[in-house]
Amino acid sequence: MAKRKEENFVSPENAKRPRQEELEDLDKDGDEDECTVSFTNGTSTLTAAEVGIIESIQLRNFMCHSMLGPFKFGSNVNFVVGNNGSGKSAVLTALIVGLGGKAIATNRGSSLKGFVKDGQNSADISITLRNRGDDAYRANVYGDTIVVQQHISVDGGRSYKLKSGAGTIVSTKKEELVAILDHFNIQFFMKATQLEQMKEDYSYIMETKERTKEQISQGEERLTELKRQCLEKEERFQNIAGLSTMKTNLEYLKHEMAWAVVNEIEKQLNAIRDNIRIGEDRAARLNRKMEEQQVRLNDAENKYKDIQDKLEKISQETNARAPECMALKADLTAKKRNFNEAEVLYNRSLNEYKALKKDDEQLCKKIEELKKSSDQSLEPERLERQKKICWLKERVKSLQDQENSVNQEIEQFQQAIEKYKEEHTRLRREELDVKQAMNYNQRQLKELKDSKTDRIKRFGSHVPALLEAIDDAYRRGHFTHKPVGPLGACIYPRDPELALAIESCLKGLLQAYCCHNHADERVLQAMMKRFYPPGTSRPQIIVSEFRHEIYDVKHRAAYHPEYPSVLTALEIDNAVVANSLIDMRGIESVLLIKNNSVARAIMQSQKPPKNCREAFTADGDQVFAGRYYSSESTRPKFLSRDVDSEISDMENEVENKKAQLVKLHQHLSALEKDIKHNDELLKRCQLHYKELKMKIRKTISEIRELENIEEHQSVDIATLEDEAEENKMKMKMVEENMEQQKENMEHLKSLKIEAENKYDAMKLKINQLSEMADPLKDELDLADTEVDNQKRGKRHYEDKQKEHLNTLNKKKRELDLKEKELEEKMSQARQICPERIEVKKSASILDKEINRLRQKIQAEHASHGDREEIMKQYQEARENYLDLDNKVRTLRRFIKLLEEIMIHRFKTYQQFRRCLTLRCKLYFDNLLSQRAYCGKMNFDHKSETLTISVQPGEGNKASFNDMRALSGGERSFSTVCFILSLWSIAESPFRCLDEFDVYMDMVNRRIAMDMILKMADSQRFRQFILLTPQSMSSLPSSKLIRILRMSDPERGQTTLPFRPVTQEEDDDQS
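Here the numbering used here runs 835 ahead of the position in the sequence shown, where the first position is 1.
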């Protein structure tokens, strides 16, 4: 059951005192020889209980029972008997739950919904409590009985109805039931003695003490305030006499105030004059700087024009020489071809001459041999050799034809393999380019996907971490002003189609950061070192004083009625970002024109718009008045808003690259197969070629051997001599032809060399012009940048001068106003005080003193006419202070007395706790001795534990054992003794005990029963409800004892009948 609320406890004066009958119980129970009690009408004169006992109980759909009761209990001893499952424990469980106990306290379940019978929606419990006599609870409302009805739903909820004896519903709140149980001292599974009440009273008094201390503290604070008020009233009373002195002081302060105002205006005038003088000096310096800047700008523009003229001259000269160079190259090619052809003819004739000469030598040698030969007997053999030689020569010619054919095939295969290898190399380079492009696209795709959740990641995966570090450093005070960046994250294109053009214009500035001063720049540089590894490029840091307003650039901004400038095409919320882009890139003078041809027409075919230096197209191309540069980028990287579209396009590009790689791999594989196949064919041809060479050499060797045989042959020498003569004529003709070809070749060679010299000279001149143009281009870019820088510097000083002149004019106007104000204030001061006086205090201090003194005088004036009122207020303040001081002193004495009383009460509480402990031990030992048992009870009040040890032997002859070492009957008997001991010190109108004798033998059961009946007879003002499966037929007949026998439940039975034992009991129940 929940802890009782504080307001429901009765006061100590109304607390119940122990009845005389309770005091007599100790004497009766202490008699060890008396083991039985006779329940007769004359045994005791004690009356029955009047309040708090249970008169009847009724259950419906509770646990496994459809209906139990209604049935009534007697006022003293009640035995509920029956077999297991008959409903005994259900009565005890319903008693606990019906009087507000928790389900877990019954040891029958953890939730109330478990007590509703299966198949039913709810359960009902009705308990009737007696409410008679002087101690009745609200007898005028409830009458002689209080009916507690509880309804338990199947979902575990419950509701209460508290009815009077007449059946009227008095309350449905649990708080009312708690108040009733507190009044009757009905408790479940809680401390049943008055110790808990005493402890709570002690805690309550200690809380009261603390609250009283707080009141004393508040009173002391109030006492200080009252003392201050009392002193103020006393001072006010005493200051009435000094009123005239205060008026004199007030007049003097007014005089000082008048001239103090004049002094301050004069100081302000001097400060303004100093500022104007400094401003004029600064204006002069700005003029000088503007003149110097104009000189530097003119020099830069002249330098740019000179370099541009040189480049134009070189370009014209190069263009003029280009056709002549092409003609010389074509002439050189033709002459090289003629020379090569002549050289081939000459070499062919030379080879033919050498062959003829060799034949001539062989013919001469044969003729000599034939002339010397005189033996004609070998003529047939010679003819045979000649025939064989002719056949071998024909074979050599055939083999040479095959050799030439195979050689041509080898050349064809070599050319094919070379061509395939060149194609393979080209495809490999293309594959590498495609892979690099695909990897770049994949990195861009990853960055785009990351930027869907965080746009900052477009500027680098480490940029979010860098920005967090910048925020943390700014919170720590490391920056004067928080750096701004990256700038690309702070701008938004108004037209998404111009995003690429804006990126091409701003380039690296999109990733730049802005710092207010160089100190902030150094801190940011140190931070960037942690996020950008060595060797990688870091974003640019722009150092410029932060302003909250964007520059006024209307007078120098480019204007076109149809096309915006970069400045107007961007949404820029931060003035620092806009000013940085104006200073660094001049975005107010750059136009954005979507169409390329329109951009060329506007910038190059006619005079560019006013103040327009350059323009950018939607494709990112840069257009100047005389130049045009194409963009390498095809899509914006930082400023695009349609990220999903870009991701889709990038994914398509990646897929295209992958498909392209697949095709390249297929082509490469086919080329490699072709190269391998041709290489195999080439090797076969080369092998065949070698075989033919060997056959030719072998055949030629064989011919030579046959020709070199020394034999005397008889041949026709004349024929050989004719052949030799004819061979010589051929040699002469070939030699003459060779001479002509040689002369032609030498002539063509000289022409070729001359053409080469002319072409090389022209090419050298063109290369020299190109080499001259390259540094000029670099110088032109530097000069262009210098012109832009000087223009920005000039605009910067113009803006500074304009702003400074505005401020200076404002100061001069302020000076005029202050001089007029000074004249007015001096005139007013002379009217108040004609002679000027020296004033050391400031006007603000004097004003405060005047106001304070005026308020004081007004207050004195208000009270000056009623001196009695001032005296009365002073007396009241003093009385209030003395009264509160007396109360605080009284509370302090009360606290001191309360501490002494609490010390005494705590000692009494400890003594009462010792008495209850001793009484419980004595009862326990006395009850155990009825069976010659001995036992001990150890109370540990500090840890709130109780240990019991029992020895069933004889006195001190055996050692004490733990309860777990006892038999079932011994343990049950000891438990009964323990319960009766607790009952002897507990206050409750009724006691319930379930199956106390279930493990006892007949002897222990008889002794335990006698002890319980003896206690019940001595405490007839209390009710005892005992549940047991025994028949209790051996009990004596008495109207103080009521036995309720419960029948075994039958199938379909809805109520369990209770049979009264005696006619008197029936009369009493009715």
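Think of the CB as a built atom: it goes at the ideal place given N, C-alpha and C, for glycine as much as any other residue.
Remark: C-beta atoms of Phe-897 and Ala-940 do not approach each other more closely than 8 Å. For Asp-1829, the enclosing beta strand (DSSP E) has its first and last residue at 1825-1829. Distances from the alpha-carbon of Lys-1492 to those of Glu-1266, Glu-1069, Ile-1015 and Asn-1122 put Glu-1266 closest. A direct Cα-Cα distance of roughly 46 Å separates Gln-1603 from Asn-1487. In this structure, Gln-1053 lies away from Ser-1823, with their beta-carbon atoms at least 8 Å apart. The C-beta of Ala-1800 has fewer than 16 other C-beta atoms within 10 Å across all chains shown, which makes the residue exposed. Put simply, the backbone Cα of Glu-1147 is about 37 Å away from that of Arg-1373. Rounded to the nearest angstrom, the gap between the Cα atoms of Asn-1276 and Pro-1321 is 23 Å. With contacts defined by Cβ atoms closer than 8 Å, Glu-1423 and Ala-1460 do not form a contacting pair. Rounded to whole angstroms, Leu-1167 and Ser-1585 show a C-alpha spacing of 12 Å. Asp-1829 places its beta carbon 8 Å or farther from that of Ser-921.
Beta-bridge analysis with DSSP links Pro-1328 to Leu-1405.
Glu-1069 and Tyr-1744 do not touch by the CB rule: their CB atoms are close to 52 Å apart, not below 8 Å. Annotated three-state conformation of Ile-1428 is coil, per DSSP.
Comparing alpha-carbon positions, the option among Ile-960, Phe-950 and Lys-998 lying closest to Arg-973 turns out to be Lys-998.
Counting only runs of 3 or more residues that sit fully inside the segment 1217-1252, no beta strand (DSSP E) segment turns up. For Tyr-1348, there is no enclosing alpha helix (DSSP H); the residue is found in the beta strand (DSSP E) stretching over 1348-1350. Tyr-1758 has its alpha-carbon roughly 8 Å from the corresponding atom of Ser-1819.
Cβ neighbours of Phe-1473 within its own chain (closer than 7 Å, five residues either side excluded): Arg-1293, Phe-1294, Gly-1323, Glu-1338 and Leu-1345. Counting along the chain, Asp-959 sits inside the beta strand (DSSP E) bounded by residues 957-966. Under DSSP, no beta-bridge partner is assigned to Asn-1602.
Taken through DSSP and simplified to helix, strand or coil, Arg-1123 comes out as helix. Ranked by how close their Cα comes to the Cα of Asp-1387, the residues Val-1378, Lys-1429 and Arg-1630 have Arg-1630 in first place.
For Lys-1653, same chain residues with a beta-carbon under 7 Å away, outside a window of 5 residues either side, are Ile-1100, Gln-1103, Leu-1104 and Ile-1107 in chain order. Between the C-alpha atoms of Met-1607 and Asp-1613 there is a straight-line separation of about 11 Å.
Judged by pairs of C-beta atoms under 8 Å, the segment 1733-1753 touches the segment 1032-1047, as three or more such pairs exist. Residue pairing from DSSP places Asp-1775 in a beta bridge opposite Thr-1780. Residue state for Leu-903 is assigned as strand, using DSSP reduced to three classes. With 16 or more other Cβ atoms inside 10 Å of its own Cβ, Ser-1807 counts as buried.
In the DSSP assignment, Tyr-1463 is bridged to Val-1458. For Gln-984, DSSP records a beta bridge to Ser-961 and Lys-996. Boundaries of the beta strand (DSSP E) around Gly-887: 886-897.
DSSP places Glu-1614 in the helix class (H, G or I) of the three-state scheme. Within the DSSP bridge table, the entry for Ile-1004 names Lys-998 as partners.
Counting only the Cα atoms, Asp-1454 lies some 7 Å from Leu-1335.
Nearest C-alpha to Met-1161 among Glu-1581, Glu-1591 and Met-1438: Glu-1591.
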